[in-house]
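Engineer:
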Amino acid sequence: MRSFIIRRLITSVPVILAIVLVSFVLTRLVPGDPIVALVGDYPVPPEYVEERRQAFGLDQPIYVQTLIYFKNLFLGDFGYSFVNRLPVMDVILQRAANTLLLVVPSQILGSIIAVLLASMAIRRPGGRLDTGLTSLILFVDSIPIFWVGQVFIIVFAVQLGLFPVQGMFNIRSTGSNVILDFLWHWALPGSIVSTFAMVAIARVARVSMIEVSRLDFITTATAKGLNRRRVFFRHILPNAMVPVIAVIGYTFGQALTSSFMIEAVFGWPGIGELFLRSVASRDYPVLQGIFLLTATLVVLSNLLSDVISSQMDPRIEYGR
Amino acid sequence: MIHRSILQGKLEILKELFNVSSSAGAEDITSNAPAAGAHNRSLLRDSKARFGGGLIVGLGFSALAFAGSASAQDAQPKRGGTAVFVLQEDPTYLTRDLTTNSETGTIGCILYQGLMGINAEGEAYPLLAKSVDISDDKLTYKFVLNDARWQDGKPITAKDVKYTYEEISGKHSPTFKRTLTSIDKIEAVSDKEIVITLKKPYGPILIALTCQQGAAILPEHVYVGTDPLTNKASNAEPVSSGPFILKEWVRGSHLRLVKNPDYWEQGKPYLDEIIAQVVPSGAGRTQALLSGQVDRIPWFALETSDYPLIERNPQLLLQPARKPPATDFISINTEKKPFDDKRVRQALMFATDREFLLKSAFNGQGAASTSPFAGGFPWAIDPEMDLSKMYPYDPARANALLDEAGVTRDASGKRLSMNFIIEPGEEGGSQIAAALKNMWEQVGIDLTIETIQPPLSTERIAKGEANIAYHGYSSGGDPAIGWSGQFVSTTIGSLRGNAARYSNPEIDELFTLGQSETDLDARGVYYKKAQKILGEDMPILTIHDPVDKEAQGAWLKGMENEYMFPTWRDAWVDK
Amino acid sequence: MAAEKSSRLLQAFKSRKILQFGLALSCVLLFAGIFGPSLLVDRGPNQISQSILAPPSADALFGTDELGRSVLTQIVYGVRTSLVVGLAAAATAMTLGVVMGAISGYFGGRVDTFVSRITETFQVMPTFVLAALVVAMAGTGMLKVIFIIAILAWPQSARVMRAQVMKMKSMEFVDALRCLGIAEHKILWREILPNAIPPVIPVGTLVIGQAILLEASLAFFGLTSPEVASWGRLLTSGQQYFYFAWWLTVFPGLAIVITVLTFNLVGDALNQAFNPRSGDA
């Protein structure tokens, strides 16, 4: 078991290195002096520019620069955002909690509903419910999530006045109202992110449940005349849960992106909203920081879900 | 908006020079002046005798005016409560001395105070200074400080003032840097007395010593030996002395300011706390006010498209912000062919439907300018002149003029192609660009729109790399600086200067004459003459006189004597 | 069993209907993209007019924006942008995917490991964040957008291609060819490739939809050049007029949904035709 985790950890290393390499290549995309990519388009003191130029060895050959870039990032030097007057990681981490408040409950809610729907749908593959679910998956896959946000705002907030148009909380609320007020603000963006998360998970959950139900031992169990419900809860669900758990981790990146876009539409003070503003002010250090953080989070959530599902599934061999 | 505030400073400064003397005939001011705290009254009475010349008269009159309307105020301020206002984004710094960023001004001028404050009429009054003593030759200004303390308990001393001016504002504030050039020396005579000696008389000096002008006093003991730009006090943990102190700053969310228990003005402030909530989207800010979640939207954070929504609501007040007038215009690079020919420039004006721009890009707010100078200074505007009559929207005439100037169409009907620089943050900019592209297509001009961020945009425009560019400038309170920078040849090539690169000795002369006089009518003569020439020459197309408005709940009281960035000292909530 | 068989038949029948429907819709879209603009009476998507923020009416079916420009006209011009980006990106991604997948699957060993690592890495990249970052840093432009989408999307088809090639290279006829002494690369390019490609086509079709969505998202975040008509940018301007002009938001969004849905339907139907077992894209 432990050796599996270690092995899995080791395979994550090249991926992380590749992400950093991509991030380094990105700094070369900005036309002109690459220092612009490291300090942003915002006016900065010339001393800082010089300091950065030195720190990143921009006068050295390219392979040395690459190494220095790696070294700096691993030492935690993500640069300084002059737009925000703070070190890049501070800027991003201050927003991270708000993004997680949106994305984590949505991912949980989404997975629960996804498993429920998928398990009901596969009782009769091709039946009404199953067709409904697959159509929903296809349909949701075709919608820009930010547009759903806009339409919800127009319908539920502006026209019907049921929910707030923007924001995460009412700064005035106190005590127990804080939670109610938060839920009221969360309702629209949260339900959208949940739905998109649900769809991403249901797609895999449905297929893997169908596959499991076709496995020999299940067919045998059914043939033996065992209660369908029993078969489902005893055999299908536990076995299907393994890939489902994995997919919950694997779709976390997608959920993050959904959340970023929804934040931009709802003025939710998270990383996505920061991303939007940093794009507008060409604050490259922050943009790169968000990229690195998001990509690393995705790698970690993949890792975590692999570890969890490996513990659940006896068939996964550790070590090998 | 950003560059408006950059200019603000330079312009504001001259304002005093001319406006103060004008307010000697201050009957209007007396009747209109809003309420001010009692402290102003007594302070100014004390020091009145020691003031000299026209300057004193101006300040004296307005002081009396405050007294009058203060008593007219019906309700007694209620104590306690919280007021919330919105910002578009986090402030960059927490002190106005380092930047002209509007969010910083809004927060910074609550936290930190200048020796002088600025009232609703745009006039200076002693704030952190108890009194001002001006020598007869108007070269020496002696300030006696109030008995105020920093939030860490240390007293505010003359040394703080000297250090701030010399080491912080004088080095970092775009506005105060200029002020410092007219100052000969700054001496801390005693703990509470500071003497500023000028190189030569400089009327606007008192306005220049306000927080709005980047001269808020900062604590020497916190800043000494550090870089103000990275000092924590500048961007995270201020040590301030204003009516409210920063309790909490959750970036991207809000700043919570609480009542300063040791605030030096007796009995103030009335509110327990004020919260600045960051709401990035315009719709979100408006909604927050409509639903009563917030009490106020400052002028720079309120979308013109949302004015009608606020006007419709009887609980809310929508009013023009108290700030210097501004202008939105398009500069034409007069050095590039064929724009060196004034007929071509006139043709562009004929090809521009300014009424449409007003209706669309500006949501019908403000007015289409009647003269090359935007409105705001009636004494300097020629009432006879009306650009809308001189240059009605008439593509046919534009075509005729272009033909006449020899700018002919090629086989595809195109006369010329050129770039048009806009800045993404400028309100209405992208709409104007899209509309102009369309309007000018009809006269055979092909625009390539370049959306460029400041400061890159500013530099490129200053270098003359734009054929056409869209700008918003602030007057800073007087045409002598605000408007002159657009036209006089000395500002060619400087940032936010004469973007049209227009050079006309006659205009230079008229502007010089215009600022050398003090009598407004006399000055008006020169400016009116200049407008005639400019209206003919058309180095810039004045598009729009903006009216920036601010919105607040009717329940929020005591904001009547604030200017540009409220101090909230007199604010209270009537709910 | 019988029930399941009939249901599968039904499914196949349904999916053929869907395929036909989807193909018909894509033809309509192609037609609109190519001829639409010239059929409109207006002078172009930027034609301003005095009716500002007018709600949908007989004059302007989908209403007008803040400069009085017809939303319908802008949407029709946007079809072209979306289709060009979608098709070009998908074609590039598929070509890349087929080549990489084929190499990886056929040669196996280290090459395979290397290519697989690359695909894995690309799969963890947060697509939108990376695309937005590239465009923000390198500048806007349709070619750049196409290129970046292709770069991010090719692993999907590479995976399918690799599996196909691996399956086929162990087939008997390949061994037979090898015995005949035909060069490896000839076997790969002439024999295996043509047979392995069909199952990749549905994946490529799905990329069209993803690319259109991604282009719209980038434009929505302000990452598009103002010269190009884009549905995403229309949605950005709608954001400012929630209170006044719902039509600025509703119609461009519907255009995106219908277009993307069309290609997804086709892709899904093709997928069921080519890969009947997977049931999954």
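Residue numbers (the numbering used here), protein chains in the order written: chain A, 32 to 351; chain B, 114 to 688; chain C, 38 to 318.
We put the beta carbon where it would ideally sit given N, CA and C, even for glycine.
As the structure is a computational prediction, the values presented were derived from the model and not from experiment.
Please state the DSSP three-state secondary structure of ASN103(A).
Structural biologist: Counting from 1 along the first sequence, the entry for residue 103(A) is found at position 72. In the structure shown, ASN103(A) sits in a helix (DSSP, three-state: H, G or I).
Engineer: What does GLY269(C) reach in chain B if we use C-beta pairs closer than 9 Å?
Structural biologist: For the purposes of this step, residue 269(C) is taken as residue 232 along the third sequence, with counting starting at 1. None at all; the shortest Cβ gap to chain B is about 15 Å.
Engineer: Drop a sphere of 10 angstroms on the beta-carbon of PRO316(A), count the other beta-carbons inside from all chains shown, and report buried for 16 or more, exposed for fewer.
Structural biologist: The sequence position of residue 316(A) within the first sequence is 285, counting from 1. Its Cβ being crowded by 16 or more others within 10 Å, PRO316(A) is buried.
Engineer: Just to make sure I have the definition right: I need the residues of chain C whose C-beta is within less than 9 Å of the C-beta of ALA321(B). Which are they?
Structural biologist: Within the second sequence, numbered from 1, the residue matching residue 321(B) stands at position 208. The contacting residues do not exist; ALA321(B) stays about 37 Å from chain C at best.
Engineer: Against ILE238(C), what residues of chain A qualify as contacts under a CB-to-CB distance less than 8 Å, listed in chain order?
Structural biologist: Within the third sequence, residue 238(C) is the residue found at index 201, counting from 1. Within 8 Å Cβ-Cβ: nothing; ILE238(C) doesn't reach chain A, min ~17 Å.
Engineer: Since LEU429(B) is in the beta strand (DSSP E), which residue starts that stretch and which ends it?
Structural biologist: By one-based count along the second sequence, residue 429(B) stands at place 316. Its beta strand (DSSP E) spans residues 429 to 433.
Engineer: What separation, rounded to the nearest whole angstrom, lies between the Cα atoms of THR343(B) and ARG369(B)?
Structural biologist: Position 230 of the second sequence, counting from 1, holds the residue named residue 343(B). Position 256 of the second sequence, counting from 1, holds the residue named residue 369(B). Cα to Cα, THR343(B) sits roughly 22 Å from ARG369(B).
Engineer: Looking at the unbroken alpha helix (DSSP H) that takes in ALA480(B), where does it start and where does it end?
Structural biologist: The residue labelled residue 480(B) in the question sits at position 367 within the second sequence. Counting along the chain, ALA480(B) falls outside any alpha helix (DSSP H), and DSSP gives it neither H nor E.
Engineer: Can you find a C-beta in chain A that's less than 8 Å from the C-beta of PRO393(B)?
Structural biologist: Here residue 393(B) refers to the residue found at position 280 when the second sequence is read from its first residue. Chain A contact via Cβ: present.
Engineer: CA-CA distance, SER244(A) and MET229(A)?
Structural biologist: Position 213 of the first sequence, counted from the start, is the residue given in the question as residue 244(A). Position 198 of the first sequence, counted from the start, is the residue given in the question as residue 229(A). Cα to Cα, the separation comes out at about 21 Å.
Engineer: Please state the DSSP three-state secondary structure of LEU302(C).
Structural biologist: What you label residue 302(C) is simply residue 265 of the third sequence in a count that begins at 1. Three-state result, LEU302(C): helix.
Engineer: What does DSSP give as the partner residue(s) for THR195(B) in the beta ladder?
Structural biologist: As a working note, residue 195(B) is residue 82 in the second sequence. DSSP lists GLU386(B) as partners of THR195(B).
Engineer: Would you please verify whether the beta carbon of ARG260(A) is less than 8 Å from any beta carbon of chain B?
Structural biologist: Numbered from 1 along the first sequence, position 229 holds the residue referred to as residue 260(A). Chain B contact via Cβ: absent.
Engineer: Can you pull the DSSP bridge partners for ASP246(B)?
Structural biologist: For the purposes of this step, residue 246(B) is identified with residue 133 of the second sequence, where counting begins at 1. DSSP lists LYS255(B) as partners of ASP246(B).
Engineer: Any residues in the region 124 to 142 of chain C with a beta carbon nearer than 7 Å to a beta carbon of chain A? Which ones, in chain order?
Structural biologist: Answer set for the region 124 to 142 of chain C: empty.
Engineer: With DSSP run on the structure shown, which of helix, strand or coil describes ASN674(B)?
Structural biologist: The residue you call residue 674(B) lines up with position 561 of the second sequence. Coil.
Engineer: Short of 8 Å Cβ to Cβ, which residues in the region 238 to 257 of chain C face chain A?
Structural biologist: Taking 8 Å as the Cβ-Cβ cut-off against chain A, the residues of the region 238 to 257 of chain C that qualify are GLY246, LEU250, ALA253, SER254 and PHE257.
Engineer: Does LEU60(A) have its Cβ less than 8 Å from a Cβ in chain B?
Structural biologist: Numbered from its first residue, the first sequence carries residue 60(A) at position 29. Not one chain B Cβ lies under 8 Å of LEU60(A).
Engineer: Do the region 270 to 282 of chain B and the region 322 to 333 of chain B touch if we need at least three Cβ pairs shorter than 8 Å?
Structural biologist: With the cut-off at 8 Å, the region 270 to 282 of chain B and the region 322 to 333 of chain B touch.
Engineer: Are the beta-carbon atoms belonging to ALA464(B) and PRO508(B) less than 8 Å from one another?
Structural biologist: Within the second sequence, residue 464(B) is the residue found at index 351, counting from 1. Within the second sequence, residue 508(B) is the residue found at index 395, counting from 1. For ALA464(B) and PRO508(B), yes; Cβs fall inside 8 Å.
Engineer: Are any of the Cβ atoms in chain B nearer than 8 Å to that of GLU221(C)?
Structural biologist: Along the third sequence, read from residue 1 onward, the residue named residue 221(C) stands at position 184. No, because no Cβ of chain B sits closer than 8 Å to the Cβ of GLU221(C).
Engineer: Tell whether a beta-carbon distance below 8 Å holds between ALA261(B) and SER303(B).
Structural biologist: Translated into the one-based positions of the second sequence, residue 261(B) becomes position 148. Translated into the one-based positions of the second sequence, residue 303(B) becomes position 190. Not closer than 8 Å, so no.
Engineer: Who are the Cβ neighbours of ILE113(C) in its own chain at under 7 Å, not counting the five residues just before and after it?
Structural biologist: One-based indexing of the third sequence puts residue 113(C) at position 76. Going by the sequence as given, residue 113(C) is Val instead of Ile. So the list reads ALA69, GLY73, PRO74 and LEU77, once near-sequence residues are dropped.
Engineer: Can you list the beta strand (DSSP E) stretches of 3 or more residues lying completely in the region 516 to 554 of chain B, in chain order?
Structural biologist: Runs found: 529 to 535.
Engineer: In this structure, what does DSSP give as the bridge partners for LYS372(B)?
Structural biologist: On the second sequence, position 259 is the one that residue 372(B) refers to. LYS372(B) is bridged to PHE357(B).
Engineer: Could you give the first and the last residue of the continuous beta strand (DSSP E) run that contains VAL308(B)?
Structural biologist: Residue 308(B) sits at position 195 when you count from the first residue of the second sequence. First-last of the beta strand (DSSP E) with VAL308(B): 306 to 311.
Engineer: Compare the C-beta of GLN37(C) against all C-beta atoms of chain B and say whether one is closer than 8 Å.
Structural biologist: Any question about residue 37(C) goes unanswered here, given that chain C covers just 38 to 318.
Engineer: Going by the CB atoms, is the gap between ALA613(B) and THR447(B) shorter than 8 Å?
Structural biologist: Sequence index remark: in the second sequence, residue 447(B) carries index 334 (1-based). Sequence index remark: in the second sequence, residue 613(B) carries index 500 (1-based). Yes. Within cutoff.
Engineer: Going by beta carbon distance, what residues of the same chain come within less than 8 Å of GLY648(B), once the five residues before and after it are set aside?
Structural biologist: Locating residue 648(B) in the second sequence gives position 535, where the first residue counts as 1. SER484, PRO485, MET498, LEU500 and MET503, listed in sequence order.
Engineer: For ARG126(A), count the other beta carbons within 10 Å of its own beta carbon; 16 or more makes it buried, fewer makes it exposed. Which is it?
Structural biologist: Working through the first sequence from its first residue, we reach residue 126(A) at position 95. So ARG126(A) counts as buried.
Engineer: Looking only at its chain, what residues have a beta carbon closer than 6 Å to the beta carbon of TYR278(B), apart from the 5 residues adjacent to it on each side?
Structural biologist: Along the second sequence, one-based indexing puts residue 278(B) at 165. So the qualifying residues of the chain are ILE299.
Engineer: Please report the straight-line C-alpha distance between VAL273(A) and ALA236(A), rounded to a whole angstrom.
Structural biologist: In the first sequence, counting from the first residue as 1, residue 273(A) sits at position 242. In the first sequence, counting from the first residue as 1, residue 236(A) sits at position 205. Whole-angstrom Cα-Cα distance: 10 Å.
Engineer: So, for THR101(C): in the same chain, excluding its five sequence neighbours on each side, which residues have a beta-carbon less than 7 Å away from its beta-carbon?
Structural biologist: The count along the third sequence starts at 1 and reaches residue 101(C) at position 64. Result list for THR101(C): SER86, SER88, ILE89, LEU90, ALA91, SER107 and VAL108, in chain order.
Engineer: Please confirm if TRP191(C) has its CB atom under 8 Å from at least one CB of chain A.
Structural biologist: Looking up residue 191(C) in the third sequence gives position 154. So, not an interface residue.
Engineer: Hey, quick one: how far does the beta strand (DSSP E) through TYR586(B) stretch, first residue to last?
Structural biologist: Numbered from its first residue, the second sequence carries residue 586(B) at position 473. From DSSP, the beta strand (DSSP E) with TYR586(B) extends over 581 to 587.
Engineer: Quick check: what's the CA-CA separation for SER31(A) versus ILE36(A)?
Structural biologist: The structure shown does not extend to residue 31(A), since chain A is modelled only from 32 to 351, so the question has no answer here.
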